[in-house]
Amino acid sequence: MSVLEITNLKKSYVAPDGERGLVIDVPRFALNGGEQVALEGSSGSGKTTLLHLIAGILTPDSGRVVIAGEEMTALGEAGRDRLRALAIGYVFQTFNLLQGYTALENVMLGQMFSSGADVKRARELLVRVGLKDRLHYRPRQLSVGQQQRVAVARALANQPHLVLADEPTGNLDQRHASEALALIREVCLEQGTALLLVSHDAEVLTQFERIARLGEINRAASPDEEPLSLSTPARGRAH
Amino acid sequence: MNNWNGVRGLLLIVRRSLHQHALATLITAFSIALGSGLVMAVFAIKTQSYQAFTGGEAGFDAVLGARGSQLQLVLNTVFHLETSPGNIPWAMYIQIKQDPRVALAIPYAVGDNYQGFRIVGTTAQIFTEFEYSRGRKLSVEQGGRFFTDGSREAVIGSYVAQATGLKAGSSFNPYHGLIYDERQRHRDQYTIVGVMEATNSPSDRVIWIPIEGVYRMSGHLLRGSGEAFKAQEGEAIPDESKEVSAVMLKLRDPQAGFSLDQQINKQGKVATLAWPIGRVMAELFDKLGWMNRVLELVAYLVIAVAAGSILASVYNTINERRREFAILRALGARRATVFAVIVTEAAVIALIGALAGYAVYAVILAAVKVIVKAQTGVVLNVWQMDAMLWLTPLVMVAVGALAGLLPAFKAYRTDVAEHLAPTS
Chain A
1 MSVLEITNLK
11 KSYVAPDGER
21 GLVIDVPRFA
31 LNGGEQVALE
41 GSSGSGKTTL
51 LHLIAGILTP
61 DSGRVVIAGE
71 EMTALGEAGR
81 DRLRALAIGY
91 VFQTFNLLQG
101 YTALENVMLG
111 QMFSSGADVK
121 RARELLVRVG
131 LKDRLHYRPR
141 QLSVGQQQRV
151 AVARALANQP
161 HLVLADEPTG
171 NLDQRHASEA
181 LALIREVCLE
191 QGTALLLVSH
201 DAEVLTQFER
211 IARLGEINRA
221 ASPDEEPLSL
231 STPARGRAH
Chain B
1001 MNNWNGVRGL
1011 LLIVRRSLHQ
1021 HALATLITAF
1031 SIALGSGLVM
1041 AVFAIKTQSY
1051 QAFTGGEAGF
1061 DAVLGARGSQ
1071 LQLVLNTVFH
1081 LETSPGNIPW
1091 AMYIQIKQDP
1101 RVALAIPYAV
1111 GDNYQGFRIV
1121 GTTAQIFTEF
1131 EYSRGRKLSV
1141 EQGGRFFTDG
1151 SREAVIGSYV
1161 AQATGLKAGS
1171 SFNPYHGLIY
1181 DERQRHRDQY
1191 TIVGVMEATN
1201 SPSDRVIWIP
1211 IEGVYRMSGH
1221 LLRGSGEAFK
1231 AQEGEAIPDE
1241 SKEVSAVMLK
1251 LRDPQAGFSL
1261 DQQINKQGKV
1271 ATLAWPIGRV
1281 MAELFDKLGW
1291 MNRVLELVAY
1301 LVIAVAAGSI
1311 LASVYNTINE
1321 RRREFAILRA
1331 LGARRATVFA
1341 VIVTEAAVIA
1351 LIGALAGYAV
1361 YAVILAAVKV
1371 IVKAQTGVVL
1381 NVWQMDAMLW
1391 LTPLVMVAVG
1401 ALAGLLPAFK
1411 AYRTDVAEHL
1421 APTS
């Protein structure tokens, strides 16, 4: 069953010179439950915008985004907030941990807007990502690698259908990047959560069996190319 | 999310935010505490003063004195403030004492002091028959006794004992006039035979001596008959020469007050009956009504300033917290949740301030209590329940929440995508 279905999704912005430019034009894109896909895209190719559209943070000009059978694009803002809280976990490049909160509280924030805080699960997740002794540390007391682990735990705290990871290793050195990537993939696999990871790092991309080029699925980034569908599993690079 | 989890989540966010901005929170809460405490104190002092001065705790129903102001008469005799409006002849005291409408008549003669505390000449009835409060008579501390009529003995109020250091067995010389002037010392020496138990009334600030002592005090001349009369040692004083400053009256029923008022104030021309004492004092407060309104206005301004300080404090944090709001929204928080966080935060700051306001209130009341007691003998009850003691904190919290609306609206409008991590 698809946890993510995108159909004819379009988003444009008005440039400073007043000209409207299309930044997202994805005819079809789909992701099955538990599937892990890397989305390759260079800077400015609309990766973050696409993730924001999937998460319901941004609204498209047209098209549909369906998350776990519920159409995100048909919902009002409160409905999108609810669906995001229930079905989506988000891992950011800059971690986006709240500085005034402990690691445990940061993870609990990932639950609070869906099923409510579950300290036991939050603690279990932090233990799972290797931060058993850092539950009550604040982000500034943690290394960048540890901070990213907290972010991973937070993304999974609400038991989402889909984790969106936006350049999750972008701020880490190579060793920490490999560890973080392995961790995200392992934990998503354990939880049966689909993963859509955006990166332009070749090291990261090679870890995935399925890679989609944003330039290929997004006609706005590469209008001449045939749009990509990932609704059926493909081997190696997906076309 | 269910409601309980929602509230817990909201409170966690509020708690963390207040903790992160602890200094600003404390400063703002302190200003709220000052405002709240001041407002409660202003209203409590106003209410309690009114009750204390008009509440009928004087123990007497009416005061008969020289023709003049009823207010001056009451202030002079009941509260031992102000000067006496003059004297009335002894015969008038006898006449009112024998009036069937009067249950108790006690003469007062004033005109001397000791270290600023008034010396009141009266009869022993003030101790044996007068009830300063229902069922409660003046009593002396253990080891003391009341004075004997015609003697040079004195009974002092508890506050006088505390302020002057006088005690049973001590002697003192009265000073002429109601204001202490060391050059006005009388030769007569009085011995204290008792210190009164505290009554928390103006009586605590009085020195009681036999009325005859006032008549025989060195340098005093009696003019009851129209001619000056100097009392000599061992010689009886004719009644027609005697005068009293006032006669304190306990009436048999309210109707007696009406008829005496009619007889003395409306038809008579030689004396004044201050009746009822509570109404006379209430008129004073009515005259000072403008001052109450000014105080209330100041109190409302203080609340407005407190609201402004909450608004400024919370509003200033919004810009630096936009990323936090964007992250919370990305995690699924609704705009309404962010809005509620800010309003709750403002209300909680106000609540902390309002609770601390009780300490400010207690300090102000304690200070005012000392001053009022020293000046009038009236004791304010710091913790007497007053609607303002729970209404003010409630209003503060409501005003705090209202002050949070503008910053909450600003937070509400935070654009999530714009304030999340840098886009690629």
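Chains as they are written, first to last, in the working numbering: chain A, 1 to 239; chain B, 1001 to 1424.
Every residue, glycine too, gets a C-beta built ideally from N, C-alpha and C.
- Remark: fewer than three beta-carbon pairs, one from each stretch, lie closer than 8 Å, so the segment 1267-1278 of chain B and the segment 1363-1377 of chain B are not flagged as touching.
- Contact of B/Q1020 with chain A by beta-carbon distance below 7 Å involves G100.
- Judged by beta-carbon spacing, A/A85 lies beyond the 8 Å limit of A/L125, meaning their Cβ atoms are not closer than that value.
- In this structure, DSSP gives B/A1306 a helical state, which the three-state scheme calls helix.
- Below 8 Å, too few C-beta pairs join the segment 1211-1223 of chain B and the segment 1059-1078 of chain B to call them touching: fewer than three.
- Fewer than three Cβ pairs drawn from the segment 1087-1098 of chain B and the segment 1292-1304 of chain B lie within less than 8 Å of each other, which leaves the two stretches out of contact.
- Counting only runs of at least 3 residues, the segment 168-215 of chain A fully encloses the following beta strand (DSSP E) elements, listed from N- to C-terminal order: 194-199 and 211-213.
- Per DSSP, the unbroken beta strand (DSSP E) holding B/W1208 starts and ends at V1206 to P1210.
- Taking every protein chain shown into account, the CB of A/T206 has fewer than 16 other CB atoms within 10 angstroms, so this residue is exposed.
- Apart from sequence neighbours up to five positions away, the residues of its chain that approach A/G63 with a beta-carbon distance below 8 Å are I6, T7, N8, L9, K10, V26 and T73, ordered along the chain.
- Contact of A/Y90 with chain B by beta-carbon distance below 8 Å involves A1330 and L1331.
- By the Cβ-count criterion, B/D1181 is exposed, with fewer than 16 other Cβ atoms from all chains shown falling within 10 Å of its own Cβ.
- In terms of CA proximity to B/T1123, B/W1208 leads the group B/L1355, B/P1393 and B/W1208.
- Counting only the Cα atoms, B/S1031 lies some 53 Å from B/N1265.
- With fewer than 16 other Cβ atoms inside 10 Å of its own Cβ, A/K132 counts as exposed.
- Under a criterion of Cβ atoms nearer than 7 Å, no residue of chain A is adjacent to B/A1408; the nearest Cβ is some 17 Å distant.
- Proximity to A/L196 across A/L22, A/A30 and A/Q174 peaks at A/A30, based on C-alpha coordinates.
- Judged by their CB atoms, B/R1136 and B/H1080 are not nearer to each other than the 8 Å cut-off.
- Non-local beta-carbon contacts of B/G1177 in its own chain, meaning distances under 8 Å to residues more than five positions away in sequence, involve G1111, D1112, N1113 and Q1184 in chain order.
- Remark: C-beta atoms of B/I1310 and B/A1403 approach each other more closely than 8 Å.
- Here B/E1320 carries a helix assignment [DSSP, helix/strand/coil].
- As the crow flies, the alpha-carbon of A/L135 is around 54 Å from that of B/T1047.
- When Cβ-Cβ separations below 8 Å define contact, A/L109 makes contact with chain B.
- Annotation for B/F1409: the continuous alpha helix (DSSP H) segment containing it runs L1405 to Y1412.
- Within chain A, N96 and L98 have C-beta atoms less than 7 Å from the C-beta of B/I1327, given in sequence order.
- The distance from the Cβ of A/R121 to that of A/V187 is about 13 Å, inconsistent with a contact at the 8 Å cut-off.
- Of all residues in the segment 65-84 of chain A, the ones placed with a Cβ closer than 8 Å to any Cβ belonging to chain B are E77, A78, D81, R82 and R84, in chain order.
- Within the model, the alpha-carbon separation for B/S1313 versus B/Y1412 is close to 17 Å.
- Residues of the segment 36-59 of chain A with a C-beta atom less than 9 Å from some C-beta of chain B are G41, S42, S43, G44, S45, G46, K47, T48, T49, H52, A55, I57 and L58, listed in chain order.
- A Cβ-Cβ distance of about 13 Å is found for the pair A/A55 and A/I24, leaving them out of contact under the 8 Å criterion.
- Rounded to the nearest whole angstrom, the CA to CA distance from B/I1349 to B/T1025 is 6 Å.
- For B/Y1159, the uninterrupted alpha helix (DSSP H) segment begins and ends at S1158 to T1164.
- Residue burial annotation: B/K1287 is exposed, with fewer than 16 other C-beta atoms found within 10 angstroms of its C-beta.
- Using a Cβ-Cβ cut-off of 8 Å, B/R1322 does not count as an interface residue toward chain A, since no Cβ of chain A sits closer than that to its own.
- In terms of Cα proximity to B/G1068, the closest of B/A1274, B/A1333 and B/D1415 is B/A1274.
- Interface residue (Cβ-Cβ distance to chain B less than 8 Å): A/A117 is classified as such.
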